[in-house]
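Quick note, the sequence shown lines up with residues 21 to 244 if you use our numbering. For every residue, glycine included, the Cβ atom is placed at its ideal position computed from N, Cα and C. Please read these numbers as outputs of a predicted model, since none were measured by experiment.
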Amino acid sequence: MSRENGRGTLFLTFCPFFTVFPALLLVLGAMSDTVQRWCLGSEDMAAGILSGCRNWCFLMLAAVALGIVLTLAVSILAARALRKRGGGLMDLLKMASIPLAAEVLLCGLMLKSEVLPLMDKVGPDLRQLEARELDSREVWFLPGSVETHLPGAFGPVKDLVQFQARGTDGEAMTVYIPACWSFKPEATYQTAQDLDWNRENTPRYQLETTSRFCLSPMVPERVS
């Protein structure tokens, strides 16, 4: 085998490994703020935020699938070319299995830790909004709030305000309200006082939220 043919065979053997990096860059590009903002669009209400998150999850799945297809296609083409040069079976197996295994492992871990947990929450919450079957409770709001984004990897802008609340049954919870409403409770729960004092002196609000993200699709209304 000539030196030129040897280099050509070596290039074909390692060619599939080089496709792993473009495939991973494709996934990283889908995670960028620019792409996330595009998925979110101009809608800053609860349904729009959840829809943008779902669109981004689908885009991430598509990016991972496209990367795997790219690596597989290059592996097949390189394997055919290598076989014509007299490459052995082990070379073909390594070419197909190692880069694919590395990509599937890395992308699988990312999907398991970031994308799939979001999909598990956003789907049921969107169905709740469409059916208007929300969790309803009376709460007091506790002192302090912070501008934030939807919990998880999808967060191109701080379009939500995170509140700590306490139900009339004493249950503590974290709720999210769209920042565009500029909602602020008239008064907050006084932790230095007991429950009976707050019942008499602190206003309560009717709060409706989704079950998974505790995201409110409407402005809380004062009930007392």
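| query | result |
| --- | --- |
| Could you spell out the range, first to last residue, of the beta strand (DSSP E) harbouring ALA185? | 180–187 |
| So, at 6 Å on beta carbons, what are the nonlocal neighbours of ASN75 in its own chain, with the 5 sequence-adjacent residues on each side left out? | CYS59 |
| May I have a chain-ordered list of the alpha helix (DSSP H) segments no shorter than 4 residues that lie completely inside the stretch 85–173? | 109–130 and 136–151 |
| Based on DSSP bridge pairs, tell me the residues matched to PRO205. | Per DSSP, none; premise fails for PRO205. |
| What does the alpha-carbon distance come out to for the pair PRO237 and ALA122? | 42 Å |
| As a quick exercise: from GLU63, LEU170, GLY187 and TRP160, pick the residue whose alpha carbon is nearest that of ALA207. | TRP160 |
| In the DSSP assignment, what residue or residues form a beta bridge with ARG242? | TYR225 |
| Measure the C-alpha to C-alpha separation of THR39 and LEU90 and round it to an integer number of angstroms. | 7 Å |
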